[in-house]
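Residues in the sequence shown are numbered consecutively from 5, following this note's numbering.
A virtual CB, placed ideally from N, CA and C, is assigned to each residue, including glycine.
These notes are about the structure you will find just below.
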Amino acid sequence: MLTKIPKKGLNAVLIVSLLGLGTGYNLPTAYAEETVTQVSQTANTLAKLEIEGVKLDKDFTSEINQYSATVENETNSIHILVEGSNTNSIISINDKTITSGTAEEYALQSGQNIFLITVKDSSTNLTNTYTLTVIREQNSNSQLQNIKLSTGKLSPAFSSTVTEYNVDLPNAQTITVLPAAVEKTAVVEVNGAEVTEKGVPVNIPVGKSDILIVVTAENGSKLRYTIHVERQDTSSGKGTNSAQTGSGSSTEIGNNGSSAPSANNGSVSNENSGTVQTGSSGSAKSGRGLGTQTGNSFLGQGNTTNQSASSQQGASAAVEKTSNATLSKLTVSTGTWDSSFTSSEYTYHIAVSSDIKTVKINPTASDSSSEITIEGGTSKTIQLDDDNKTVISVRVTYDDTDRKTYVLVIDKADS
């Protein structure tokens, strides 16, 4: 009867036999090999990962699970094509099952977009996840498409590429400014206040002042538009009242209803029993009894009236509200001013050398309860633009209806 010897026992018998035969016996060496069958690990991997028209950061291979790509801001969607190594695998992108070998469209937001691609082996339920990160660059457009004003007209006519305008206002104390950006992702401010759908009301002082519009693109780049406003001062104009001037002729009505014209020399006849005497140049209205009119005033005994042309003029004159939102002092760390600072002037040009990178602004409010912001913030140190001109807004706010903005234009010398 034959007995089956285990492999390890067979090895021991061979060794003992060799030792018994001695070293002079030549016996071929026998090896007992175990064959290990390796199971293929391709059931839950990808054979292909592509973005149509976009290059990945590295060539795709099923063993690498992390990929990325960058597209311009104008690209608002992409098509992703994936293909499994096994036809029975289940593939999903961001938890949505897709068809292997078919390109699917996906919308992109600005910035980072992450796509998790999961491959599942249908027989073992083992999963394998690939990560695709697509970065859509932020929008850089900081232009306006329009500027609307509640009163006045821009000169020249608006253009997105024109950043300086003039407006003449007869005597408007406020103006509402409504600028609209080309891109919805941009932020628009008027004199430091963010624009709403109703616009931003701006108080306009008499004389010359500036309205500063700053457009900040999604990527942080800025573009400034400036409206130079000139408000005319009509508060000193003197009105006249023809009913109270002395020169010319007028019709007088007596008690009996008859009338008598006054002569240019001022004498008047009245059909009533009363006597009317006039001063030089002027007309008189008679009541009962004696009436007297001078060039400046009228006094009648019937219905006594005392009117002064000068008082009428004062009442009709526009009253200018005194603003508390002003600066008593404004200095800059370096540079040559085009004119000395005064509280009632709102725009200044300051020349600096080409090597100046930053300037420090030091404003002092006339009223200590006023709030001051520089470029919409609290930092007094301002980074100068790379070009030759930087526009800086210094806003003073006393209350919701009393605000003023001073504008500093820093002019760099040519390098």
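Could you compute how far the alpha carbon of residue i sits from the alpha carbon of residue j?
| i | j | result |
| --- | --- | --- |
| Tyr410 | Ser146 | 23 Å |
| Asn195 | Lys52 | 54 Å |
| Ser373 | Tyr402 | 7 Å |
| Asp415 | Thr351 | 13 Å |
| Asp214 | Asp172 | 12 Å |
| Ser320 | Pro205 | With a pLDDT of 37 at Ser320, under the threshold of 50, the modelled position of that residue is not reliable, and the figure given next carries that caveat. Distance between the alpha carbons of Ser320 and Pro205: 26 Å. |
| Thr405 | Thr101 | 58 Å |
| Ile231 | Ile151 | 10 Å |
| Asn220 | Gln149 | Reading off the sequence, residue 220 comes out as Thr, not Asn. So the alpha carbons of these two residues sit roughly 14 Å apart. |
| Phe64 | Asn132 | 15 Å |
| Ala107 | His83 | 6 Å |
| Gln113 | Ser348 | 47 Å |
| Gln116 | Ser66 | 23 Å |
| Glu76 | Thr346 | 48 Å |
| Leu130 | Glu141 | 36 Å |
| Leu158 | Ala184 | 15 Å |
What does a CB cutoff of less than 7 Å around residue i pick up in its chain, not counting 5 residues either side in sequence?
| i | result |
| --- | --- |
| Asn98 | Phe119 and Leu120 |
| Val218 | Glu193, Lys226 and Arg228 |
| Val43 | Residue confidence is low: Val43 scores 40 on pLDDT, short of 50, so the model does not pin down where it sits. Its coordinate-derived value is still stated next. Counting only Cβ-Cβ distances below 7 Å, and skipping sequence neighbours, we find nothing. |
| Ala247 | Its pLDDT being 36, under 50, Ala247 is placed unreliably in this model, and the value from its coordinates should be taken loosely. Taken in chain order, the list of residues that qualify is empty. |
| Leu216 | Asn195, Arg228, Thr230, Val395, Ser397, Thr409 and Val411 |
| Lys384 | Lys364, Ile365, Asn366 and Ile378 |
| Glu375 | Thr401 |
Can you check whether the CB of residue j is closer than 8 Å to the CB of residue i?
| i | j | result |
| --- | --- | --- |
| Pro367 | Val398 | yes |
| Val181 | Ile208 | no |
| Leu388 | Lys361 | yes |
| Ser164 | Val191 | no |
| Lys408 | Ser332 | no |
| Gly88 | Val58 | no |
| Thr330 | Ser370 | yes |
| Thr74 | Ile139 | yes |
| Glu54 | Leu85 | yes |
| Glu222 | Thr189 | yes |
| Ile95 | Ser126 | no |
Looking at the unbroken beta strand (DSSP E) that takes in residue i, where does it start and where does it end?
| i | result |
| --- | --- |
| Ala185 | Thr178 to Ala185 |
| Asn366 | Thr362 to Ala369 |
| Leu153 | Leu148 to Leu153 |
| Lys384 | Taken as a continuous stretch (DSSP letters only), Lys384 belongs to no beta strand (DSSP E), as it is neither H nor E. |
| Asn117 | Gly115 to Lys124 |
| Ala355 | Thr351 to Val356 |
| Lys226 | Lys226 to Arg235 |
| Glu193 | Val191 to Val194 |
| Val75 | Gln70 to Val75 |
| Thr135 | Thr131 to Arg140 |
| Gly88 | Ser81 to Gly88 |
| Asn170 | Glu168 to Leu173 |
| Lys393 | Lys393 to Asp403 |
If we count the other Cβ atoms within 10 Å of its Cβ and call it buried at 16 or more, is residue i buried or exposed?
| i | result |
| --- | --- |
| Asn92 | exposed |
| Ala161 | exposed |
| Asn80 | exposed |
| Gly203 | buried |
| Ser104 | buried |
| Glu56 | exposed |
| Ile396 | buried |
| Ser312 | Only weak support exists for where Ser312 lies, its pLDDT of 38 falling under 50; the value from the coordinates is given anyway. With fewer than 16 other Cβ atoms within 10 Å, it is exposed. |
| Leu136 | buried |
| Glu379 | buried |
| Ala47 | buried |
| Val166 | exposed |
| Thr49 | buried |
| Asn143 | buried |
| Ala417 | exposed |
| Gly156 | buried |
Excluding the five sequence neighbours on either side, which residues of its own chain have a C-beta within less than 8 Å of the C-beta of residue i, listed in chain order?
| i | result |
| --- | --- |
| Lys62 | Ile68 and Tyr71 |
| Asp237 | Asn175, Val210 and Gly211 |
| Ser343 | Glu349 and Tyr352 |
Output needed for residue i: all residues of its chain with C-beta closer than 6 Å, excluding positions within five of it in sequence on either side, in chain order.
| i | result |
| --- | --- |
| Thr377 | Gly196 and Arg399 |
| Thr340 | Ala355 |
| Leu60 | Tyr71 and Ala73 |
| Arg235 | Leu173, Ile208 and Val210 |
| Tyr169 | Leu158 and Ile231 |
| Asn392 | Lys416 |
| Ser337 | Val363 and Lys364 |
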